[in-house]
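Heads up: the structure comes next, in C-alpha cells.
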Amino acid sequence: MALLPPLLLSCILVLALPGPAVVMVGGVTFHVTNKCPFPVWPAVAPNAGHPVLAAGGFFLPPGQSKRVGAPATWNGRFWGRTGCTFAGNAARCLTGDCDGRLACNGSVGTPPATLVEVSLHEDQSKGSSYDVSVVDGYNLPVAVWTRPANRSGDCFIAGCAKNVNAVCPPELQVTSGAGKKVVACRSACLAFGLDAFCCRGAYGTAETCRGSVYSRIFRDACPAYYSYAYDVAAATARCYAQEYVVTFCPSRWGDRVAQI
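Written out as C-alpha cells, the structure reads:
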C-alpha cells in the first residue's frame, strides 16, 4: 500500500478529530476563555495588511471557552465587549462596541477597552510577541499565556491585582444606567486629549513622556499592562507556541465584580 504524502495525511487527521477543526496546517490556535461572572462578547480585529479572522466576534457565557484559529504570521488584537444587545436600531455594546455588530469584520472596537495585542511569527527562534494595553483605557482584566502553560516571565502576562473600574477617578469613568454603574475607565489621553497624556508633539519620546498620576492608577492595579505609550515597566511576552490562552477575569477578585 502506497504511503500518503505528509501534508495530505495531516489534513485527514485534522478532519478526523472530534469537534470543529479550527487550525490549518501551520496555523495558531487561541483558546479564548471567559471566567467573568457575566457574559462577554470577545472581538478580534487584524492589523493593516492581515486577514480578518472568521471568528471576528462571538458570545461567550461565564465559564465557557472558544477556539479561534489564525495564520502563523497574523498580527492583530483581541478585546472583550460587555453589556451587548444585538437587536435592530438598539444594537450596541456598553464597552468595546464595533458598530453594533456581533462580528466586527475588521473594525476596531470603541475605546475604552483592554486590548490584547498580538504579533505572531512562524520562526521559532524569533518567537511571537504579545502584550496587554490599557493605553486607551480599561474595561476588563485579561491574562495571556501559552498552552501547555508556561508561566515564565517571557510567556505569561498576568491579570490585575485590583478592579480598575472600582478605583477609576470620576473624570475617567464610563457609566451606564440610572445607578451610574462604572463599566469602563478611560485613559487620560482618551478623556482629555492632551499631548502630555497622549505622548505626542513635544511629549512624543520616551524621555519626555513619563506617564502621569492617571497612568499610575492603571499601573498600580495591573502592573503587567501598558499604562501609557512609553511604559517601559510593562510586560511584552516573546514566546513561540502553536496555542495561546486569552482569559477574561482570570483573578479571584473578578468573581466579585457586579453583573454587567
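Numbered per mature numbering (1 follows the signal peptide of the UniProt record, and there is no 0), the sequence shown spans residues -16 to -1, 1 to 244.
Heads up, the beta-carbon is just placed ideally off N, CA and C, and yes, glycines get one too.
Secondary structure of R222 (DSSP, three-state): strand. The three-state reading of DSSP puts V118 in coil, since its state is none of H, G, I, E or B. Shown here, F43 sits in coil according to DSSP, grouped into three states, outside any helix or strand. Between P125 and G143 the beta-carbon gap is near 4 Å, inside 8 Å, which marks them as a contact. W25 sits close to G41, with the two beta carbons spaced by under 8 Å. Per DSSP, N31 lies in no alpha helix (DSSP H) segment and is marked neither H nor E.
Under the Cβ criterion (8 Å, minimum of three pairs), the stretch 203 to 214 counts as touching the stretch 170 to 187. As the crow flies, the alpha-carbon of R184 is around 14 Å from that of D120. A buried status is given to K19, since no fewer than 16 other beta-carbon atoms sit within 10 Å of its beta-carbon. S49 sits exposed, since fewer than 16 C-beta atoms from the chains shown fall within 10 Å of its C-beta. Taken atom to atom, the span from the alpha-carbon of H105 to that of C223 is near 10 Å. For A172, the enclosing alpha helix (DSSP H) has its first and last residue at A172 to F176. In the structure shown, the three-state DSSP call for C182 is helix.
In this chain, the beta strand (DSSP E) harbouring A127 covers V126 to T130. The beta carbon of L37 sits closer than 8 Å to the beta carbons of V28, P30, V52, G53, A54, W58 and G60 from its chain, once the five residues preceding and following it are set aside; these are given in chain order. Between C169 and A221, the CB-CB gap reaches or exceeds 8 Å.
In the DSSP assignment, the residues bridged to Q157 are C169.
A Cβ-Cβ contact shorter than 8 Å links H15 with E227. Secondary structure at F202: helix, using DSSP grouped into helix, strand and coil.
Where A54 is concerned, there is no enclosing alpha helix (DSSP H), although the beta strand (DSSP E) around it starts and stops at S49 to A54. Rounded to the nearest whole angstrom, the CA to CA distance from G90 to Y122 is 21 Å.
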